[in-house]
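Let me begin by presenting the structure, written as structure tokens, before commenting on it.
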Ligand SMILES: Cc1ncc(C[n+]2csc(CCOP(=O)(O)OP(=O)(O)O)c2C)c(N)n1
Ligand SMILES: Cc1ncc(C[n+]2csc(CCOP(=O)(O)OP(=O)(O)O)c2C)c(N)n1
Ligand SMILES: [Mg+2]
Ligand SMILES: [Mg+2]
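Chains as they are written, first to last, in our numbering: chain A, 156 to 491; chain B, 156 to 491; chain C, 54 to 445; chain D, 54 to 445.
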């Protein structure tokens with residue numbers, strides 16, 4: 156067990172993957188000499204060389220498209236997208252190639268590509284640096300989408316993603332990069348909890364609170380705060396967004412009868428809509444109230460002075476919990 | 156009133172917009188001399204000239220990006236994306252520019268861009284020609300997303316989209332291009348039903364069936380077929396996907412207590428998830444059963460020999476209706 | 054046949070087209086070794102690269118081109134007869150495809166667009182596999198690794214990045230094979246193609262950019278994409294380029310060998326513009342009379358790549374009855390085999406749509422597959438149910 | 054000042070850099086009118102384009118550069134003091150930005166990246182407006198139409214397409230203004246920039262591609278993007294290009310005028326590579342010592358664009374105490390005004406986040422705004438609630 160930051164935990168995971176499999180190759184902008192703008196790849200080029208840790212020219216579609224070619228050749232590319240907002244130029248290669256090639260070729264060509272995306276807001280950045288684009292990818296068949304919320308998971312899941320034969324979008328909550336946590340580097344990713352499973356973080360009886368990525372910490376804090384008011388919240392870290400581990404969420408909701416989902420991305424068409432719809436389908440008769448979504452608004456990510464109004468915080472989550480429980484809340488008195 | 160095909164109705168609408176506003180300019184691949192691969196822009200370059208109906212080089216990001224520049228200059232660009240699957244290279248310009256510029260500039264710069272996208276399957280095409288990418292755009296704040304299901308709407312809504320000061324994604328159900336219908340060209344788009352309103356097509360009492368675009372016809376056929384079994388379906392053509400006119404859907408569900416949503420796009424994170432989640436939120440206590448989604452599967456669009464298994468047809472919709480009504484259906488006996 | 058098995062031939066270092074400067078302004082210099090009339094003209098720079106081509110090789114190239122044209126004609130007929138959903142003819146581009154395709158080694162890897170069925174033939178594709186996609190029975194007709202050729206790419210230009218990435222892999226592996234990517238004149242406008250050149254130049258990887266300038270991108274003439282010769286585009290990226298008569302199979306082969314040789318020797322990427330003509334429609338769904346002058350077609354018919362080889366063979370006294378007979382029989386046999394493969398191709402099974410989305414179980418999809426199979430079963434007769442379904 | 058009000062000057066037709074060929078291989082010919090030591094050297098091709106520049110104009114250029122550097126230093130200080138969230142310094146690029154910015158007419162339109170605050174100054178941007186974005190108070194500091202300059206673009210290269218589209222509009226309008234787009238060396242690798250050149254060349258629209266090659270894209274040296282000179286990229290698209298000493302304000306102005314003049318006369322696009330150096334960090338969040346050799350900075354310091362003008366003025370006897378005093382006072386005043394504008398900038402209101410997403414009512418958003426305002430109100434004190442919220 157070692158105390159390390161989130162960023163360091165990913166770095167250590169990448170290092171292991173590079174060590175264990177000579178076919179693992181890292182591609183991205185500024186990931187070499189600089190070690191990435193968040194230093195997640197710090198020192199890796201020095202230790203593994205310029206052919207394993209590749210500073211690429213400034214073109215995201217090309218980064219993704221050459222990763223496809225490398226995968227054709229038997230490599231396991233790990234692509235870094237510098238910030239969430241810069242993944243869109245690569246969207247075509249992701250949606251039309253990375254996601255579809257295994258299907259297209261009836262399994263002949265594998266696309267074991269991992270796309271690392273620092274995502275989410277809360278760091279006071281200008282436009283395009285605080286996006287939560289995960290729903291674009293969860294709606295894209297052929298991809299797996301995972302998020303991590305703590306250094307240990309970050310360390311383990313990055314290795315699982317890299318060794319997965321399917322393409323994986325690996326979303327890193329950038330505002331948690333400096334958070335520290337215990338990491339057991341000796342955990343074998345192959346025998347750890349699989350990356351497509353959710354995890355119940357705190358057990359509770361009154362309401363199920365589903366979060367992922369950066370909001371897991373906020374959700375836990377909310378659960379702690381709620382105990383003061385005698386409310387027992389079961390917090391689930393969703394981890395995998397595609398597929399969602401509905402078995403775990405369903406089991407919880409069957410117990411609590413109430414569901415709150417929270418994320419930073421805009422509400423309409425977000426992951427919360429999918430979770431709410433699926434859980435309603437699966438356990439409608441166990442629900443005591445409509446699932447509640449506490450999310451970012453349907454607006455472009457705002458400038459930093461106001462970002463805390465967009466990103467759900469502890470109080471907004473608790474307000475959502477109150478709504479799910481039928482307790483007085485900000486919408487009390489409104490219909491529907 | 157004139158009988159005309161769907162494609163012709165859009166053509167006539169484009170012609171009107173070109174006539175009424177000199178700032179309207181059409182951009183796209185093969186839209187000039189050829190009149191578009193679906194002939195939707197047939198004859199327009201001949202009549203309005205090469206500077207109003209512009210055959211562009213083969214680059215979608217550039218088509219969208221230059222449309223942004225033209226909008227800056229006061230134009231109202233109407234972009235044709237040749238097939239749904241070719242919109243992804245333009246995704247960055249759409250998401251980071253078209254959708255955000257009005258917000259970014261606090262209203263100073265308007266983006267009255269219409270993006271015409273022939274979408275959906277059922278025409279026996281190879282890969283990338285049958286996609287239903289609408290959910291990517293409904294989840295993108297700053298855009299409006301509309302679909303049309305009949306020649307009259309096609310004619311009216313294209314004009315409304317073009318005169319709207321916001322960017323509009325206008326999805327055309329390509330497998331209906333040759334369907335004919337009555338079109339009253341004298342209808343004033345300004346006084347017609349606004350494009351962001353849904354329309355109840357057939358009234359019913361047992362279940363609300365929500366469809367849009369190509370599946371509206373299928374949904375109506377399903378409703379007709381259901382009457383034989385004594386089931387009364389209220390069919391709603393959603394028309395606008397962002398924002399969804401929930402008031403109309405909600406009113407219907409409050410009456411029927413049951414909801415089925417259908418679309419060709421994959422289920423997870425599709426428009427159906429959003430509609431199901433929002434309607435559950437708005438009228439949970441009026442719901443007799445969980446909203447049912449009858450959609451494409453979470454697979455890349457399959458090759459044409461099997462596409463009819465992916466695209467929901469009449470029988471699958473009726474099976475979904477049975478599920479919503481608790482009648483015997485293909486999943487009877489399964490839990491959840 | 055692979056003429057290269059007869060020896061790679063030609064100078065192995067410091068060959069022609071060796072640096073960006075060499076061919077920077079080469080636009081005007083269309084490389085040609087055989088005139089449209091079939092006359093073999095000498096070209097000091099490129100002759101060495103085809104010097105070992107025997108009479109037999111020449112006849113073989115003629116055969117390839119004839120067979121490929123026959124495949125094209127047969128597939129077009131199959132489409133007209135409703136056996137194929139679509140077909141993108143390569144009529145007129147046989148020299149570009151055979152000349153380059155036959156210059157490749159087995160361990161080279163091809164990333165093409167949808168039109169390179171002639172190249173696929175050179176790679177040894179199964180005749181039924183060629184048309185699997187166009188019949189709608191699959192999204193890919195073959196396993197790319199069996200013939201070292203990716204299956205048709207429909208997204209314009211996307212494959213150029215795949216080739217570049219593959220070449221990065223070759224470079225990392227220390228191998229001397231080459232990735233070659235085919236694309237059209239229209240494709241040169243796409244960001245992906247330009248980014249591919251940036252990466253290829255930056256990393257100096259063994260990739261050949263083979264642009265078939267067939268003058269049209271559906272209805273758009275090449276001058277809409279570029280006012281200057283496409284070969285010149287590459288020099289702006291620091292990539293040497295050549296402009297070759299794409300209807301001259303020898304010239305195409307020579308130019309491709311120059312490029313391959315440079316790549317194998319660590320000299321990095323090369324761009325080849327093969328100037329040719331799409332004599333047919335864009336696809337069987339297209340009607341070129343709406344946008345192009347019939348005279349243009351006539352002009353190009355005079356430069357037909359196959360007649361040119363025939364004339365060359367004639368001049369050499371090789372165009373014998375026997376050869377013609379042999380080629381005829383071969384082409385017939387190929388066409389017959391393809392047609393039979395087409396009409397007897399088994400239909401896929403409904404539940405196949407769920408296969409290979411992922412390489413391991415996926416809870417979302419497994420559930421959907423389970424539901425859909427129950428749904429089909431609920432009809433008693435799955436086949437019957439299927440035909441009632443969707444897309445109506 | 055706008056030196057162009059003093060007359061556009063220079064030959065009006067058939068000027069230098071007139072065709073792709075003219076500058077096709079011009080890479081090596083760095084256009085320079087003033088040496089690093091401040092010596093005015095003659096250049097028959099480009100001298101005419103700055104011949105009307107008076108002593109007063111020269112002093113004014115010096116003033117601009119000094120003021121812009123002061124803005125840069127002040128903004129960097131404000132960031133260090135926590136008043137700005139971020140700042141992208143333009144230190145070292147003053148000649149590129151002032152030389153080109155001062156060549157523009159008011160009715161020209163600028164599409165820049167995030168680093169062109171010197172150009173914004175030339176356009177007459179409000180001093181507070183420059184830093185609005187970097188303080189986090191807005192996503193755009195000004196109304197683009199008031200100074201005919203789009204607000205900073207963060208997506209690398211995206212703005213080059215906007216400029217090209219805007220120029221298509223100018224062409225359609227029959228106007229003689231020009232769109233100019235600024236971007237960096239790194240940006241040349243993005244598909245968008247290359248596609249912009251395709252469209253600009255195809256439609257021959259009045260757009261100037263102004264590339265500030267400041268040698269670095271964050272930690273990546275320009276040679277990773279291209280082995281050859283960036284100016285040569287454009288010739289591959291059939292766009293004439295020039296390579297200019299970006300630390301020589303006169304040379305930059307001359308080259309920009311050549312390009313603008315060509316565009317106004319219907320001659321289409323031009324690409325300018327201004328060879329300069331980013332003397333500071335990429336942004337205040339960057340630490341360049343991690344990736345670059347301090348000697349490199351020293352070398353470039355010797356070519357500092359401002360010292361160069363100062364030396365030129367000195368040689369001409371214009372570098373008087375009075376001038377220096379005047380510039381000092383002006384720069385101080387500007388810095389003071391900017392700092393005051395920064396520290397007194399009112400905070401935005403919470404509900405502002407819902408404004409201007411759409412230009413007309415939107416049922417989804419209106420409901421969310423309504424809910425959030427109820428939520429804020431539920432705290433009694435909205436401000437208090439806000440500070441409790443999110444991003445924690
Ligand atoms: C990204 C993308 N945009 C548009 C299309 C539609 N499309 C198919 S082929 C074609 C023209 C391609 O022309 P060219 O590159 O010259 O190749 P050719 O067909 O002549 O072989 C177009 C526009 C596509 N397949 N992909
Ligand atoms: C599409 C996109 N990818 C990546 C980034 C991150 N990024 C910001 S600035 C920069 C380097 C740009 O270099 P250059 O174009 O040379 O301009 P300079 O910063 O030197 O002025 C990068 C990679 C971005 N803003 N947009
Ligand atoms: Mg072509
Ligand atoms: Mg730079």
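Just so you know, even glycine gets a beta-carbon here, dropped at the ideal spot from N, CA and C.
heavy atom of ligand 2 below 8 Å from residue i C-beta
i: residue 238 of chain D; result: yes
i: residue 141 of chain D; result: yes
Chain C within 9 Å of residue i, Cβ atoms only
i: residue 425 of chain A; result: no
i: residue 224 of chain A; result: yes
i: residue 484 of chain B; result: yes
Any C-beta of chain B under 9 Å from that of residue i
i: residue 269 of chain D; result: no
i: residue 403 of chain C; result: yes
Short CB-CB distance (under 9 Å) between residue i and chain A
i: residue 207 of chain D; result: yes
i: residue 426 of chain C; result: no
i: residue 418 of chain D; result: yes
i: residue 74 of chain D; result: Confidence at residue 74 of chain D is low in this model, with a pLDDT of 36, below 50, so its placement is unreliable and the value that follows should be read with caution. By this cut-off, residue 74 of chain D is not an interface position.
Contact under 9 Å by Cβ, residue i with residue j
i: residue 222 of chain A; j: residue 244 of chain D; result: no
i: residue 292 of chain C; j: residue 324 of chain C; result: yes
i: residue 305 of chain D; j: residue 426 of chain D; result: no
i: residue 87 of chain D; j: residue 357 of chain D; result: no
Simplified DSSP state of residue i, which is helix, strand or coil
i: residue 418 of chain B; result: strand
i: residue 113 of chain D; result: helix
i: residue 439 of chain C; result: Its pLDDT being 47, under 50, residue 439 of chain C is placed unreliably in this model, and the value from its coordinates should be taken loosely. Residue 439 of chain C falls in the helix class under three-state DSSP.
i: residue 327 of chain B; result: strand
i: residue 180 of chain A; result: strand
i: residue 341 of chain C; result: helix
is_contact[residue i, chain G] using C-beta, thresh 9 Å
i: residue 346 of chain A; result: No chain G is part of this structure, whose protein chains are labelled A, B, C and D.
Cβ of residue i within 9 Å of any chain D Cβ
i: residue 289 of chain C; result: yes
i: residue 240 of chain B; result: no
i: residue 315 of chain C; result: no
i: residue 288 of chain A; result: no
Residue i Cβ short of 8 Å to ligand 1 heavy atom set
i: residue 394 of chain D; result: no
i: residue 276 of chain A; result: no
Heavy atom of ligand 6 within 8 Å of residue i beta-carbon
i: residue 300 of chain D; result: Among the ligands modelled here, namely ligand 1, ligand 2, ligand 3 and ligand 4, ligand 6 does not occur.
Checklist entry - Got a sec: which bits of the segment 127-160 of chain C sit with their beta carbon under 9 Å from any beta carbon on chain B, in order along the chain? => result 138, 139
Checklist entry - Name the residues in the segment 430-446 of chain B whose C-beta lies less than 7 Å from a C-beta of chain D; which are they? => result none
Checklist entry - Of the residues that make up the segment 392-423 of chain A, which ones have a beta carbon closer than 8 Å to any beta carbon in chain C? => result 397, 398, 399, 400, 401, 402
Next on the checklist: If the cut-off is 8 Å on Cβ atoms, which residues from the segment 183-198 of chain A count as contacting chain C, listed in chain order?
Outcome noted: none
Checklist entry - Listed in chain order, which residues of the segment 313-328 of chain A have Cβ atoms closer than 9 Å to some Cβ of chain C? => result 319, 320, 321
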